[in-house]
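Numbering (the working numbering), first residue to last: 418 to 765. Glycine included, every Cβ here is placed at the ideal spot set by N, Cα and C. One structure is given below, encoded as structure tokens.
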């Protein structure tokens with residue numbers, strides 16, 4: 418028996434284009450395309466991708482209900498046995514779309530779905546309890562193992578095979594715990610794990626608990642009219658030439674740039690090197706990302722005491738959690754030494 422699969426991909430993986438085509442409207446294509454071609458090969462004839470849905474990341478995010486309505490019609494018409502979405506790796510908007518289409522397939526036809534995401538994708542925590550999300554690397558460079566794991570899991574789901582643990586199948590734990598009997602009692606197992614830990618040998622705890630870092634909320638600024646405020650951004654705003662060579666994606670560094678008392682950032686002298694959004698608006702007026710002009714007005718009006726002489730910049734897209742934490746600690750230390758009272762992280 419050959420099972421039917423509906424595959425969802427974004428504009429990039431369909432070969433339509435990058436951020437310049439993120440507003441691409443939904444299109445349904447018979448058969449496999451993009452990474453779906455390799456997925457079909459990996460499924461070895463047990464399943465075929467009979468329909469591919471392509472949609473731009475921005476279009477899905479801005480027209481979610483409309484896209485899902487059309488997706489529901491496609492589900493009812495083509496009646497797939499399973500939905501595969503992505504892999505979306507670290508991409509937030511793409512992951513958001515993948516989670517939503519798999520959820521809709523489950524609600525409409527009661528069928529399972531398989532996605533592929535990096536652990537830092539915000540969509541993981543949004544959807545992990547509702548579907549199978551295979552763990553992937555953070556970029557398309559990791560597509561080969563991602564597709565292999567997704568295909569293997571999809572085939573098991575289609576054939577009704579019993580799945581091993583989330584760790585063995587390489588998907589994010591869905592917070593479902595099953596009781597079963599072990600040959601050795603808990604005391605002995607605990608001692609064995611303790612000895613491995615003492616000897617720095619690998620072991621897996623029987624109770625996995627994710628403990629996020631707790632960051633205390635800073636107290637409110639009592640009097641902004643006397644406060645020095647700094648501007649931070651992840652929009653890649655740097656002096657022309659990118660002197661610190663900050664990467665346009667998966668940044669490993671940040672920069673600190675002196676504003677020399679200027680009233681506003683000057684186009685041409687200040688640019689963006691960000692690789693994850695349409696940069697034309699930021700290059701035309703970098704104050705759209707780092708609003709020095711607005712902050713100077715607030716300074717003159719006495720609403721803030723003053724604007725810090727430096728602004729800090731990096732690129733957020735594809736950035737790892739560890740690098741992000743390091744950036745935050747480094748910038749915070751610099752601001753504290755400079756006597757800065759508050760900071761604004763400008764959104765892109």
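query                                                                                                                                                                          : result
Alpha carbon to alpha carbon, how far is residue 601 from residue 610? Give it in angstroms, no decimals.                                                                      : 13 Å
In the DSSP assignment, find the unbroken alpha helix (DSSP H) run with residue 484 in it and report its ends.                                                                 : 481-495
On the DSSP bridge assignment, give the partners of residue 686 in chain order.                                                                                                : Bridge partners of residue 686: none, in fact.
So the candidates are 618, 624, 573 and 608; which of them puts its Cα closest to the Cα of residue 590?                                                                       : 624
Inspect the beta-carbon positions of residue 499 and residue 423 and report whether they are closer than 9 Å.                                                                  : yes
In or out: residue 462 buried (at least 16 other Cβ within 10 Å) or exposed?                                                                                                   : exposed
Is the Cβ of residue 643 closer than 9 Å to any Cβ of chain B?                                                                                                                 : Within the model displayed, chain B is absent; a lone protein chain is all it includes.
For residue 561, report the span of its alpha helix (DSSP H) as first-last.                                                                                                    : 560-576
Alpha carbon to alpha carbon, how far is residue 487 from residue 442?                                                                                                         : 11 Å
With three or more beta-carbon pairs closer than 8 Å as the criterion, would you say the stretch 742-749 touches the stretch 686-702?                                          : no
Measuring CA to CA, which of 419, 506, 756 and 620 is closest to residue 643?                                                                                                  : 756
Compute the beta-carbon to beta-carbon distance between residue 592 and residue 653, rounded to the nearest angstrom, for a pair I have assumed lies under 8 Å.                : About 36 Å separates the two Cβ atoms, so there is no contact after all.
Kindly indicate which residue of 728, 753 and 513 has the alpha-carbon position closest to the one of residue 389.                                                             : The displayed coordinates of the chain run from 418 to 765. Any statement about residue 389 would go beyond what the structure contains.
Buried or exposed, going by whether 16 or more other CB atoms sit within 10 Å of the CB of residue 493?                                                                        : exposed
If contact is defined by three or more beta carbon pairs under 8 Å, each pair taking one atom from either stretch, is the stretch 561-572 in contact with the stretch 495-510? : yes
Indicate the three-state DSSP secondary structure (helix, strand or coil) for residue 753 in the structure shown.                                                              : helix
Would you list the one or two residues that DSSP bridges to residue 424?                                                                                                       : 469 and 501
Give a yes or no on whether the C-beta atoms belonging to residue 471 and residue 431 are separated by under 9 Å.                                                              : yes
Going by beta carbon distance, what residues of the same chain come within less than 6 Å of residue 478, once the five residues before and after it are set aside?             : 510
Can you tell me which residues form a DSSP beta bridge with residue 723?                                                                                                       : 645
Who pairs with residue 534 in a beta bridge, going by DSSP?                                                                                                                    : 506 and 552
Between the C-alpha atoms of residue 519 and residue 421, what's the straight-line distance to the nearest angstrom?                                                           : 15 Å
Beta carbon of residue 526, beta carbon of residue 573: below 9 Å?                                                                                                             : no
Hey, could you find the ends of the alpha helix (DSSP H) residue 604 is sitting in?                                                                                            : 603-615
Under the three-state reduction of DSSP, which class applies to residue 635: helix, strand or coil?                                                                            : coil
Could you please give me the residues that DSSP links to residue 650 through a beta bridge?                                                                                    : 730 and 763
Distance check for residue 646 and residue 551, CA to CA, integer angstroms please.                                                                                            : 42 Å
Would you tell me roughly how many angstroms separate the C-alpha atoms of residue 655 and residue 428, rounded to the nearest one?                                            : 29 Å
With DSSP collapsed to three states, give me the class of residue 539.                                                                                                         : helix
For the putative contact between residue 762 and residue 612, defined by C-beta atoms under 8 Å, what is the C-beta separation to the nearest angstrom?                        : With 8 Å as the limit, residue 762 and residue 612 do not qualify as a contact, their Cβ atoms being about 45 Å apart.
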